[in-house]
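Participant: Attaching a single structure in structure tokens format; questions to follow.
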Amino acid sequence: MKKAIYILLAIFSFLILSAVAIPIIFKDKIVAKINQELDESINATVYYNPQKISLSIFRSFPDVSAGLGDFGIIGKDQFEGDTLIQVDQLDLDFNLKSVLFGDYPMLTGLHLNGGDLYIKVLEDGTANYDITKSLDSESESSESNFRIGIEQIEVNHVNMIYDDRSLQFTMALADIMARGSGDFTLDVYDLPVKATATIADMAYEGTHYLTNKKFQGDANVQVDLENMKFSFENGKFGLNDFLFDMNGFIALPEEGVDYDLAFAAPDSDFKSVLSLVPGMYTESFSSIKSSGTMSFEGFVKGLYTETSIPSFDINLQIKDGMFQYPELPKPVDKINVNMAVKNETSQLENTSIQIPTFSMNFGSNPISGNFTLQNLRDYLMEGELNGKLNLKELTSIFPIEGTSLAGNLDFSARAKGRYDSTNKVLPAIAAQFKFSEGYVKNAEYPAALEKIHAVASIRSDKGSMQDFVADFSSFGFELEGEKIEGNLRIADFEALNWQGAVAGAVDLEKIMAIFPIADTELKGKIQANINSTGSYQDVEKEQFSRINTSGDLTVSQFFFKSKDYPQGVAINQAKANFNPQRAELVEFDSKLGKSPLTASGFLSNYMDYLLSENGTLKGQLSLNSSYFDINEWMSESSSSSTDSSKLEVIALPKNIDFTMAVRADEVIYDNLNLKEVRGTMVLREGILSFNEAGMKTLDGRITLNGNYDPRDISNPKFDMSLDISELSIAKAFQNLTTVKAFAPIAKDITGRFNTKLNFSGLLGPDMMPVLSSLDVSGILAIAEAALKENKILEGLTSLTKLKDANTIKLSNIKVPISIENGMMEVKPFDVKLWDYQTTVQGTAGFDGSINYLLNMQVPAGKFGAQANSILASISGSQANESTLIPLSINLAGSYNQPKVSLAGGNSIETLLANALRSRFDSEKQNFQNQAQEQFQAAQDSIKNQLKLKAEMVQDSVKKELQKKTGESAEKVVQEAKSILKGVLKGTPKPTKPDTTSTKN
């Protein structure tokens, strides 16, 4: 017996040791195969932490499991930098037998554990998940290193954002838990799936349809890959506590999506549909008392394409519903709803909505109504809504913590007829609204907003636009003795004739205390007394003399700060007077961030601007500031200009026409300190123009004329003429990007320069000129300057052995320059270098390259012993120490690493001998002509190379700016991410790659 036990223990120990040893022995083989397969099949950057690679035979027994920690995939090309997936742990299961004895491991399972998934589809339908490499004939004929036999896919605690810009659809899911199993190698197979998640947000065309809803699903999906058809059997789904069954299929033919789905709610409890009401489904939802019944059923059947929709019929009924919060005395009861949304055709305009019954009681406050819409073609409708609400009684129905409410609301509305904007037809409307004795008090603020009142009526007895009248006969409120009163009457829905007035004062800080806004600080007092009478038709016809608007508006001690404007805007005092023609800005004393600004002037055409879509606000303003920091308003950061925050391209409104006279004692822009800024700026049709804008900077003065044109935000342009006088050459190098790029020699020159330049090109995402796009022409004038101790002079000295070569003094030089296709061309100009007449010409590229030719005339005697020995050997020659030697020198390479050489490759000795033995000046000149021809040939080649580089850089900058313009779409995604964070109640894990191991 003991022997048998020992044998069993030995066998068991052997099996355990084998289970532990097998993954270790075959770890390198499996990991190598994984790396090879990733490299060969995925067109993306794949990363994982090599310190978190694990293999186990126990995790997915009897398969062996390979784990990759901190796994992620980052897109390429147009998805550069976008993280498609980042998971804490990716587990891949392999058939153990295929690992031990097969040539190819068999992949049997896929597990994603913790992390984030971001699916992005661009407007043209390109998707970031399409990352498999296309197979050529050679690769198609070769066999993969893996066999795919997946039997199980599992997702645990993964968050996902689906951003489809082709459909303007966004969905954010939190904490996804899903498990599916089947034979994925077959063309047709069954896939039992179970999944849960939180739908943090689901938005279509900017409208949020679902927010913070719990989802669950359990279905057997039959997958038919050949026909791209997915059938649901016994599908059970749920949103919060609202459960419904769904059967049928979804298919993807060549065009559109084919639906045949039927759904119904098996649970008749009213509370299940109550869980879908926003704000109701909280942790205490289970304690809410409820009663009543509910039924829900419907179908969707047909093809969805760009021109057709499937037919559908959706029905919801609620009978005698009731709910009551625990510990609150009154319920909402007698809830009865009957709703049907139906379309038996393939055209959306044939959709009908029937709500014959809608009623409920808020305590003792009844609300009832009905509504019928026959179609979405001529909008034939009939409806009614009546009710009363006592706001104080609502606090005994709903848990409203920290706020006291009071007031009586009485409303009734009826509408019957059709709506047709083309034929100017409205339904007959009769609506009355009255709110009285309103009262709101926040527990955190001692004062109450009280005496809130409003009386309004809307009528259209004949059902025409002409007899439409909306009369808000009175509205207002009072807060600590300050009150607002107003009225407004609008007649004729087409002409929009109005007559209204508002008068009173309001303290914004007190309003914010009662109705706080997250991440926003707002305070100040506004006092207004404005009367207005007019017609929108007169606004459209610009007959402003027929519009009578008068009064005044005063703002004092105003301050606004928010997440979007962290710099803060303060208005110490502002006053405006209104008349029909314009609004006079009598006083405006403000501080924008840390920059004080005063203004005066007027605004005209303001009624057209406020009331129409295409109205242009016109005006003339005088702006004055002792100090203005532009950087603070042109970067993502609100920190000072001394930090590293990058400026950003600013889009300008096209419906503003302002002429602004500007005076500022000091302006900070990028790294420039501008003094005594004076000039005129005109903002018109989205272009900002500068007229005689002058400023002191860099020890000199600059006057500019021109414009900044960001109408195409992906391709912003500028076109300036600059008049520069007495500017420091050294400081220009330190502060101006263009000088650094094209004239790095400036850092070693002391002195000043004057110039008049025409300067145009493109701006990059950081509002700096794109060097490769510049188009510049002008003449640089240098009165006095000195160049010494730099590598070019060292090279010249070493090559020529000329005396005093370590210093050059420059005076009265005029240098003609032009920049095009990323290359600055210096046209030939004469200068004396060390008292030797020299002609200089050449180019400098935006990439730092230089190519210059120096044609010098140097007396032979300046070459010292070299020349004397040659002269002594020449007999019968007229050459002497005063004979001018033509010396051509090439400067190539870069400024910091220059290559100095004699043109033609001669040595100094050979050059001197040939020149001194020449009998005619023409022979000497021929040396320089040859050098000129060789130089020009090199120039042509350099120009072509720089042009190609410039085009590549400009294309790259344009793509970067186009990416910036796509950020409006990104805002939807960021909003979804924000909601997702709120649902998760935490910060998502960073999706940065671990650079210790990056595959592919």
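Just so we're aligned: 610 in the numbering used here is position 464 of the sequence shown, and the numbers increase by one with no gaps anywhere.
For glycine and all other residues, C-beta sits at the position ideal for the given N, C-alpha and C.
Note that the structure is a prediction, hence the values are computed from the model and not measured.
1) May I have the straight-line CA-CA distance separating N760 from G680, to the nearest angstrom?
2) Taking the alpha helix (DSSP H) that A887 falls in, what are its first and last residues?
3) State the CB to CB distance for the pair Y275 and L230, rounded to an integer number of angstroms; the pair is presumed to be in contact (CB under 8 Å).
4) With a Cβ-Cβ cutoff of 8 Å, do I931 and I895 count as a contact?
5) Entirely within the region 805-834 and at least 3 residues each: give me those beta strand (DSSP E) ranges in chain order.
6) Since T344 is in the beta strand (DSSP E), which residue starts that stretch and which ends it?
7) Give the single residue among V813, G584, N386, S702 whose Cα lies nearest to the Cα of L420.
8) For a minimum of 4 consecutive residues, which ranges assigned as the alpha helix (DSSP H) are wholly contained in the region 517-563?
9) Give me the Cα-Cα distance between K225 and L908, rounded to the nearest whole angstrom.
10) On a Cα-Cα basis, can you pick out the residue from E667, F614, A722, I598 that is closest to I604?
11) Please name the residue in K737, L749, K740, A716 whose C-alpha comes closest to that of R728.
12) Classify A810: buried if its beta carbon has 16 or more other beta carbons within 10 angstroms, exposed otherwise.
13) For the candidate residues T762, T984, G747, F704, whose alpha-carbon lies nearest to that of V832?
14) So, helix, strand or coil for G609, using DSSP?
15) Apart from the five residues on each side of it in sequence, which residues of its chain come closer than 6 Å, Cβ to Cβ, to D869?
16) Please state the DSSP three-state secondary structure of N760.
17) I believe D653 touches L625 by the beta-carbon criterion, under 8 Å. Please report the beta-carbon distance rounded to the nearest angstrom.
18) Which residues in the same chain as S283 place their Cβ atom closer than 8 Å to its Cβ, once the five residues preceding and following it in sequence are excluded?
19) Do the CB positions of F445 and A411 come within less than 8 Å of each other?
20) Per DSSP, what are the beta-bridge partners of K629 in this structure?
21) As a quick exercise: from P475, N489, Q470, E490, pick the residue whose alpha carbon is nearest that of I481.
22) Out of S736, L319, V916, S923, state which residue places its alpha-carbon closest to the alpha-carbon of I717.
23) Span of the beta strand (DSSP E) holding D653?
24) On a Cα-Cα basis, can you pick out the residue from T451, M506, E495, S454 that is closest to I464?
25) For V419, which three-state DSSP category applies?
26) Where do the N-terminal and C-terminal ends of the alpha helix (DSSP H) with I938 fall, by residue?
27) Assuming contact is defined by CB atoms lying nearer than 8 Å, are S414 and S441 in contact in what I supplied?
28) Please report the distance separating the alpha-carbon of V367 from that of V334.
29) Do G646 and R635 have their beta-carbon atoms positioned less than 8 Å apart in this structure?
30) Taking the beta carbon of E778 as the centre, do at least 16 other beta carbons fall within 10 Å, making it buried, or is it exposed?
31) With a threshold of 16 other CB atoms inside 10 Å of the CB of R311, please say whether the residue is buried or exposed.
32) Within this structure, are the beta carbons of M317 and M348 separated by less than 8 Å?
33) Comparing alpha-carbon positions, which option in L263, I277, G363, R824 lies nearest P338?
34) Buried or exposed: L494, going by 16 or more other Cβ atoms within 10 Å of its Cβ?
35) Looking at the secondary structure, which residues open and close the beta strand (DSSP E) in which Y982 lies?
36) Is DSSP giving L1030 helix, strand or coil here?
Facilitator: According to the data block:
1) 18 Å
2) 883-888
3) 6 Å
4) For clarity, residue 931 is Ala in the given sequence; the question names Ile instead. Yes. Within cutoff.
5) 818-830
6) 334-350
7) N386
8) 537-540
9) Checking the sequence, you will find Phe at residue 225 rather than Lys. Taking the straight line joining both Cα atoms gives about 24 Å.
10) F614
11) L749
12) buried
13) Looking at the sequence itself, residue 832 is Gly, so the reference to Val does not match. Looking at the Cα atoms, T762 is the closest of the given residues.
14) coil
15) T849, K902
16) coil
17) 7 Å
18) In this prediction, S283 scores a pLDDT of 42, lower than 50, which makes its location untrustworthy; no coordinate-derived value is stated.
19) no
20) E624
21) Q470
22) S736
23) 643-653
24) M506
25) helix
26) 937-946
27) yes
28) 11 Å
29) yes
30) buried
31) buried
32) yes
33) G363
34) exposed
35) 982-991
36) strand
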